[in-house]
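Comments concern the structure below.
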Amino acid sequence: GAGVSQTPSNKVTEKGKYVELRCDPISGHTALYWYRQSLGQGPEFLIYFQGTGAADDSGLPNDRFFAVRPEGSVSTLKIQRTERGDSAVYLCASSPVSYSLTGELFFGEGSRLTVL
Amino acid sequence: LAKTTQPISMDSYEGQEVNITCSHNNIATNDYITWYQQFPSQGPRFIIQGYKTKVTNEVASLFIPADRKSSTLSLPRVSLSDTAVYYCLVGSALNAGNMLTFGGGTRLMVKP
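Protein sequences, first through last, are from chains A and B. The first sequence begins at 3 in our numbering and counts up by one. The second sequence begins at 126 in our numbering and counts up by one.
Pasting the structure below:
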C-alpha cells in the first residue's frame, strides 16, 4: 500500500475485554513501531520491531500488552483485560531500515480505542 | 534519556516566520535532532533532521548552535494550514529508545 494502514480506525469495548489492533506497514519497511497517544499528550513509545523480533519493548506498560509480527510485515497489538485507562489512540509507524540515522518514521492514522 | 523542553504553545499570523526552540541540555555526542508535525486525527509527519549547524529543506530550516544544547525549527511565511503540534526529538541509532521518545510538543496556532 501507499502508506501505513491501521485497523480498526475506531474500537469501542467494555472494561475487561480483549482487543487486537492491526498495523500493515509500508511494503519493504523492516522496522515497525507502536505508540500510544492520550488526548493532549505526545505519542508514547510502546515497542519496536526489527523484522519479526521485538528489538525494544521497554515502553509496554504492563503484561496486559503484547505485540507480534510473525512474518516481519503485519503487526498486531494485543491488549488483555482492558481498562478505562487504556483508552487512547494507538499509532503504528514503519521505517525502511533498522536504527536509521534519518530518524524518519512513517505513521499511520491510528486506531482510537475507547474502553467503557 | 535525553530530555527535550519546548514551549507548550505559540501563536502567529499568516505570512510571518515562526521559530520554535527546543532545549536539550544533555544531548549526547551521537544524538541527532528530529522534528515532527502532527495535525488532529493524524499520525506525526517527519519535517527535518540535523546534527549541527543548519539544515534546510523545502518545508523548514533547522538551526543548531555549536554546543547543540538547543535547536530552533524555523517555518518561513506560515499559513493557516501550518496550525499543528510540533515535536522535537533527540536520539541516536545507538539508543533507539531516545530516538523514539516524543515530548509534549508545541501547539502552533496560525491566525488570519
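Idealized CB from N, CA, C, for every residue including glycine. Source: prediction; values computed, not measured.
Counted as a single uninterrupted DSSP element, the stretch harbouring V76/A is not any beta strand (DSSP E), since DSSP gives it neither H nor E.
If you draw a straight line from the Cα of S148/B to the Cα of R232/B, it comes to about 16 Å. If you check each beta-carbon in the stretch 36-58 of chain A against every beta-carbon of chain B, the ones closer than 8 Å belong to Y37, Q43, G44, P45, E46, F47, Y50, A57 and D58.
Residue contact check for F164/B against chain A: no CB pair falls below 8 Å. At a cut-off of 8 Å, the C-beta of F171/B has a neighbouring C-beta in chain A.
Look at S199/B here: in three-state DSSP terms it is strand. The beta carbon of R83/A lies closer than 7 Å to those of G18 and R66 in the same chain, with the five residues before and after it left out. For F109/A, the closest Cβ of chain B is nearer than 8 Å. With a cut-off of 8 Å on Cβ pairs, the stretch 177-189 of chain B is not in contact with the stretch 11-30 of chain A, counting fewer than three such pairs. Taking C-alpha positions only, N182/B is separated from T159/B by approximately 13 Å.
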